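Chemist: Would you mind keeping the following structure in view while I ask a few things?
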Ligand SMILES: C[S@@+](CC[C@H](N)C(=O)[O-])C[C@H]1O[C@@H](n2cnc3c(N)ncnc32)[C@H](O)[C@@H]1O
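Residue numbers (my numbering): 57 to 251.
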């Protein structure tokens, strides 16, 4: 695991990114892959952590799957509510258990969120039995605390006490800022009780 040594950003950092007209269209192939994973779950009901501007929310809601999302950026949640007035979004912190209640979902989604936070602590807030679908980058950025370079060591083994990882795939897209190719790992696994 490569640790960047950076400090975690607070919500104002993300507020200013979202105020600047950020769009998430470069993630679309990854989101489509996530929809195909959700599609395999019986009666899926989704909670999204760090829902950003609601791009994935829009795709999930369009399938008719029950969905709600939260983010600690008030600007993000405001953009989500403008985009999808009939979908439930809230301002919430992924470190607080209350953000995960009520447990009316069986799937948790977190795209490009875990690298910004203490990932073990956030996964620890997911109820046992829920399926986590997440993406993590193997490239650096101003706000990344770590880079997930080795799928086995950095994902499967590193989360083993909290998560039984079923599958990991990898995607490449071009950076919005530099145009350079960037790789993301998409994985899903069931939250298990710590032994
Ligand atoms: C790189 S963005 C990804 C957003 C979105 N999931 C996407 O795919 O576009 C990371 C998101 O995580 C949110 N975030 C970071 N730390 C958080 C925390 N402690 N609690 C809730 N949201 C957080 C940020 O506000 C931001 O929206």
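C-beta: ideal position from N, C-alpha, C; glycine also. Bear in mind the structure is a predicted one, so any value in this text is a computation, not a measurement.
Return the Cβ separation of residue 243 and residue 221 in integer angstroms, given the expectation that the two are a contact with Cβ distance under 8 Å.
Modeler: 6 Å
Chemist: Judging by CA-CA distance, which residue of 233, 237, 239, 250 is the nearest neighbour of residue 78?
Modeler: 233
Chemist: For residue 243, which beta-bridge partners are listed by DSSP?
Modeler: 190, 224
Chemist: Are the region 196 to 205 and the region 131 to 148 touching, with three or more C-beta to C-beta distances below 8 Å?
Modeler: Because the criterion of three Cβ pairs below 8 Å is not met, the region 196 to 205 and the region 131 to 148 do not touch.
Chemist: Taking Cβ to Cβ, would you say residue 176 is nearer than 8 Å to residue 207?
Modeler: no
Chemist: Just grab the DSSP bridge partners of residue 202 for me.
Modeler: Residue pairing from DSSP places residue 202 in a beta bridge opposite 59.
Chemist: I need the straight-line Cα distance from residue 93 to residue 227, nearest angstrom please.
Modeler: Distance between the alpha carbons of residue 93 and residue 227 is about 15 Å.
Chemist: From residue 69 to residue 128, what does the alpha carbon distance come to, in whole angstroms?
Modeler: Distance between the alpha carbons of residue 69 and residue 128: 11 Å.
Chemist: At 3 residues or longer, and completely inside the region 77 to 125: list those beta strand (DSSP E) runs for me, N to C.
Modeler: Every beta strand (DSSP E) stretch that sits fully inside the region 77 to 125 and reaches 3 residues is listed by chain position as 102 to 105.
Chemist: Please classify residue 145: does DSSP put it in a helix, a strand, or coil?
Modeler: strand
Chemist: Answer yes or no: the CB of residue 167 versus the heavy atoms of ligand 1, is any distance below 7 Å?
Modeler: yes
Chemist: Could you say if the region 170 to 188 and the region 140 to 155 meet the contact criterion of at least three C-beta pairs nearer than 8 Å?
Modeler: By the criterion of at least three beta-carbon pairs nearer than 8 Å, the region 170 to 188 is in contact with the region 140 to 155.
Chemist: Check whether chain C comes within 8 Å of residue 225, counting only Cβ atoms and requiring the distance to be less than that.
Modeler: Protein chains in the displayed structure number just one, and chain C is not present.
Chemist: Spell out the partners DSSP gives residue 237 in its beta bridges.
Modeler: 230
Chemist: Would you call residue 245 buried or exposed, if buried means 16 or more other Cβ atoms sit within 10 Å of its Cβ?
Modeler: Buried.
Chemist: Which stretch, first to last residue, makes up the alpha helix (DSSP H) that contains residue 216?
Modeler: Counting along the chain, residue 216 falls outside any alpha helix (DSSP H), and DSSP gives it neither H nor E.
Chemist: Could you please give me the residues that DSSP links to residue 165 through a beta bridge?
Modeler: 104, 189
Chemist: Work out the CA separation of residue 71 and residue 180 for me, nearest whole Å.
Modeler: Rounded to the nearest whole angstrom, the C-alpha separation of residue 180 and residue 71 is 26 Å.
Chemist: Please classify residue 102: is it buried, with 16 or more other beta-carbons within 10 angstroms of its beta-carbon, or exposed?
Modeler: buried
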